[in-house]
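Asker: Take a look at this one; I'll ask things after.
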Amino acid sequence: MFEVAVCMNFSAAHNLKGYKGKCEVLHGHNWKVELSLRSEHMDGVGMVEDFSVIKEKLKSCLSLFDHKYLNCLPYFKKANPTSENIAKLIYAKMKERLEDGPAIVRSVKVWETENSCATYYEP
């Protein structure tokens with residue numbers, strides 16, 4: 003089994019409803035997203051998937067979040083835009099974007115700060 007990963011960043015604001023603390027008020031982050039893919043096979047060139055293809059699809063996905071107030075996005079009308087929920091949403095969107103490719107999404111890790119992240123994956 004092979005695993006490859008790419009990282010990209012986006013900037014966005016959010017606040018956490020029902021949270022008692024500083025994150026309940028509007029604030030922003032420079033988020034980092036790590037997308038990991040896995041495959042049992044490589045192509046004829048010896049790649050799981052071309053990094054440029056993965057990056058382009060991830061960039062397209064993250065454009066939905068970049069420089070946005072995350073609470074206004076439809077998905078976050080019912081769920082708080084926590085790192086955990088953002089990772090889950092990006093996982094679902096990337097799974098759709100890569101469904102016809104040779105690799106499958108293994109996990110999405112979302113870094114809210116340099117020292118704090120959440121990972122979403124499915125068994």
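So the mapping is simple: our numbering equals the position in the sequence shown, first residue as 1, plus 2.
Beta carbons: idealized from backbone N, C-alpha and C, even for Gly.
All values derive from a computational prediction rather than experimental measurement.
1) Using CA atoms only, rank isn't needed, just tell me which of 119, 101, 84 and 107 is closest to residue 20.
2) Which whole-angstrom value describes the C-beta separation of residue 10 and residue 35, a residue pair presumed to lie in contact below a C-beta threshold of 8 Å?
3) Determine the DSSP secondary structure at residue 114, reduced to helix, strand or coil.
4) Below 8 Å, how does it come out for the segment 45-59 and the segment 71-88: are there three or more Cβ pairs, yes or no?
5) In angstroms, rounded to a whole number, what distance separates the CA positions of residue 74 and residue 14?
6) DSSP three-state call for residue 58: helix, strand or coil?
7) Tell me, to the nearest whole angstrom, how far the beta carbon of residue 63 is from that of residue 92; I am working on the premise that it is less than 8 Å.
8) Would you mind sorting residue 43 into buried or exposed? The rule is 16 or more other CB atoms within 10 Å of its CB.
9) Along the alpha helix (DSSP H) that carries residue 91, what are the first and last residues, could you check?
Answerer: Taking the geometry as given:
1) Shortest Cα-Cα distance from residue 20 to any of 119, 101, 84 and 107 involves 84.
2) In this structure residue 10 touches residue 35 by the C-beta definition: roughly 5 Å separates them, less than 8 Å.
3) Three-state result, residue 114: strand.
4) Contact fails: fewer than three Cβ-Cβ distances are below 8 Å.
5) If I take the Cα positions, the gap works out to 11 Å.
6) Correct three-state label for residue 58: helix.
7) With a Cβ gap of about 6 Å, residue 63 and residue 92 count as contacting.
8) In the assembly as shown, residue 43 is an exposed residue. Its beta-carbon has fewer than 16 other beta-carbons within 10 Å.
9) Counting along the chain, the alpha helix (DSSP H) containing residue 91 begins and ends at 85-99.
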